[in-house]
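The opening residue of the sequence shown carries number 12 in my numbering; numbering runs sequentially from there.
The beta-carbon is built from N, C-alpha and C at its ideal position, and this holds for glycine as well.
All values derive from a computational prediction rather than experimental measurement.
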Amino acid sequence: MEHIYPIFDTILNQEQKEKLNRQKSLVIWMVGLSGSGKSTIARSLENNLYEMGYLTKLLDGDNLRSGINNNLGFSEEDRTENIRRAAEVSKLFAKCGVVTICSLISPTAAIRSIAKEIIGEDLFYEVFINCPLEVCEQRDVKGLYAKARKGEIKKFTGIDSPFENPANPSLEIRTDLHSIEACQAQLLNNILPRIKFQ
12 MEHIYPIFDT ILNQEQKEKL NRQKSLVIWM VGLSGSGKST IARSLENNLY EMGYLTKLLD
72 GDNLRSGINN NLGFSEEDRT ENIRRAAEVS KLFAKCGVVT ICSLISPTAA IRSIAKEIIG
132 EDLFYEVFIN CPLEVCEQRD VKGLYAKARK GEIKKFTGID SPFENPANPS LEIRTDLHSI
192 EACQAQLLNN ILPRIKFQ
């Protein structure tokens, strides 16, 4: 690494980009089981913020795995690298004054800790999309749980790979107890004060 010379101190900073965009940076890190409603709520948040004039970027786990992370599998090492890359990309967007919405299962506390450390505590807003496994299985939006139960998918989160509920998320949304519209409104109402430019 002797040939690496970062120029972070000489380029335009986050505060300058926020002033240009007239909004505060934030990384909204949405975690939860497959089928919990992460992507649906993330898309709704992006659309609502767009209509209000906010510049956003939505990073969805499946989209990332079809592009920047397409060489990664689902081993513990690859899952960690998947999150590391997503966090680094999120940090780049946030430093440009963009409200960044991440929809990623992020199954363990250790993985989420890596993301938070990379992004920075002041920018990292963890949202736990909480929905019991049995409800996610009943929904089985992508048909993945059925395949996992048959053994067609190995190391599937919630079945034969663990999911650890966040201990102290910034916000918890129960998609099994409330309508999708109520959940979307809950997230939007919590995000707006944090990205409003003062």
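Could you name the residues that DSSP lists as bridge partners for Ile112?
-> Ile112 is bridged to Ile39, Leu69.
Same chain, Cβ closer than 7 Å to Asn200, five either side skipped, listed in chain order = There are no such residues.
Mark Tyr61 as exposed unless 16 or more other C-beta atoms lie within 10 angstroms of its C-beta, in which case mark it buried.
-> So Tyr61 counts as exposed.
Own chain, CB closer than 7 Å to Ile92, minus 5 neighbours either side, in chain order | For the record, residue 92 in the displayed sequence is Glu; it is not Ile. Cβ neighbours of Glu92 beyond the five flanking positions: Leu83.
Based on Cα-Cα distance, which residue from Asn80, Glu29, Asp187 lies nearest to Gln149?
-> For Gln149, the closest alpha carbon among the candidates Asn80, Glu29, Asp187 is that of Asp187.
Does the distance from the CB of Val138 to the CB of Ser36 come in under 8 Å?
-> No; because the gap between Cβ atoms is not below 8 Å, this pair is not in contact.
Proximity winner among Phe174, Glu29, Cys142, Tyr65, relative to Ile122 (alpha-carbon distances) = Ranking the options by Cα distance to Ile122, first place goes to Phe174.
Report the three-state DSSP secondary structure of Ser172 (helix, strand or coil).
-> Secondary structure at Ser172: strand, using DSSP grouped into helix, strand and coil.
Meets three-Cβ-pair contact criterion under 8 Å: the region 101 to 120 and the region 155 to 166 | Judged by pairs of C-beta atoms under 8 Å, the region 101 to 120 does not touch the region 155 to 166, as fewer than three such pairs exist.
Tell me whether Val138 sits in a helix, a strand or coil according to DSSP, three-state version.
-> Under the three-state reduction of DSSP output, Val138 falls in the strand class.
Could you tell me whether the Cβ atoms of Asp71 and Ser50 are closer together than 8 Å?
-> Cβ distance < 8 Å, so Asp71 and Ser50 count as in contact.
Could you please give the first and the last residue of the uninterrupted beta strand (DSSP E) stretch that includes Leu182?
-> Element bounds for Leu182: 182 to 185.
Residue closest to Pro143, alpha-carbon to alpha-carbon, out of Ile184, Ala126, Ile112, Lys28 = Nearest option by C-alpha distance: Ile184.
Sequence-distant residues of the same chain with beta carbon closer than 8 Å to Gln197, five excluded per side | Hits under 8 Å: Leu182, Ile184, His189.
Enumerate in chain order the residues of its own chain whose CB-to-CB distance from Lys28 is below 6 Å, with the five nearest sequence positions on each side excluded.
-> Cβ contact annotation for Lys28 (same chain, cutoff 6 Å, sequence separation greater than five): Cys107, Gly108, in chain order.
Sort Asn141, Arg95, Leu69, Ser172 by Cα distance to Gly43 and report the nearest one.
-> Ranking Asn141, Arg95, Leu69, Ser172 by Cα distance to Gly43 puts Asn141 first.
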